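Notes follow once the structure below has been shown.
2 protein chains.
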Amino acid sequence: ADAAAGKAKSAVCAACHGADGKAVIPTYPSLAGQNEQYLVEAMKAYRSKNRSGGQAVIMQGQAAALSDEDIANLAAYYAGMK
Amino acid sequence: ADAAAGKAKSAVCAACHGADGKAVIPTYPSLAGQNEQYLVEAMKAYRSKNRSGGQAVIMQGQAAALSDEDIANLAAYYAGMK
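Sequences listed follow chains C and G, in order.
In case it helps, the numbering used here puts the first sequence at residues 28 to 109.
In case it helps, the numbering used here puts the second sequence at residues 28 to 109.
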């Protein structure tokens, strides 16, 4: 996976998850340093709508536009953040 | 919420999420320092089965036994972990 490409892709994510990967909105998760594989699983779960209800709907919309490669790159980028 | 009660409740969680809140299993999330409100939302999403498919099924089983108070206490405990 390509964390630099992930960074380029992460502009829209930063709005909720923070430019430093620490979500200022308390109901949203911080992503900095999270397990890379878990991030992939979570994004795919939103994309496949295995995560629904409540605020999950917002992430469904975001994940719908992501390719597997985008997801891998974003996961590498956030997992690598301290 | 009562983080000490959360700690007492967290024995079973530590098996997957790590005694220090850092999941050694790469497909599971680290919880240490995560946003407290998000942790509450996530546990409730598993309990209500709004999160399904794949490994979510494991957490559904865990969350099914948790009361709102357990969830609040566990969230306080993990959010407070550095």
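Think of the CB as a built atom: it goes at the ideal place given N, C-alpha and C, for glycine as much as any other residue.
These figures come from a predicted structure and were not determined experimentally.
Can you tell me which of the options puts its alpha carbon nearest to the alpha carbon of residue i?
i, options, result
"Ala106/G", "Ala38/G, Ala42/G, Val39/G and Asp47/G", "Asp47/G"
"Gln64/C", "Ile85/G, Val51/G, Val39/G and Gln61/G", "Val51/G"
"Gly80/C", "Gln82/G, Ile85/G, Arg74/G and Val84/G", "Arg74/G"
"Tyr55/C", "Pro53/G, Tyr55/G, Gly33/G and Gly60/G", "Gly60/G"
"Ala42/G", "Asn100/G, Leu58/G and Asp97/G", "Leu58/G"
Determine, using beta carbons only, whether residue i comes closer than 7 Å to chain C.
i, result
"Asn62/G", "yes"
"Tyr65/G", "yes"
"Asn100/G", "no"
"Tyr55/G", "yes"
"Glu96/G", "no"
Which two residues bound the contiguous alpha helix (DSSP H) that contains residue i?
i, result
"Lys76/G", "Where Lys76/G is concerned, there is no enclosing alpha helix (DSSP H), given that its DSSP letter is neither H nor E."
"Gly33/C", "Ala30 to Lys36"
If you run the structure through DSSP and keep just helix, strand and coil, what is residue i?
i, result
"Met86/G", "helix"
"Asp47/C", "coil"
"Ala92/C", "coil"
"Tyr104/G", "helix"
"Lys109/C", "coil"
"Ile98/G", "helix"
"Tyr55/C", "coil"
"Gln61/G", "coil"
When you compare the CB of residue i with every CB in chain G, is at least one pair closer than 7 Å?
i, result
"Arg78/C", "yes"
"Ala50/C", "yes"
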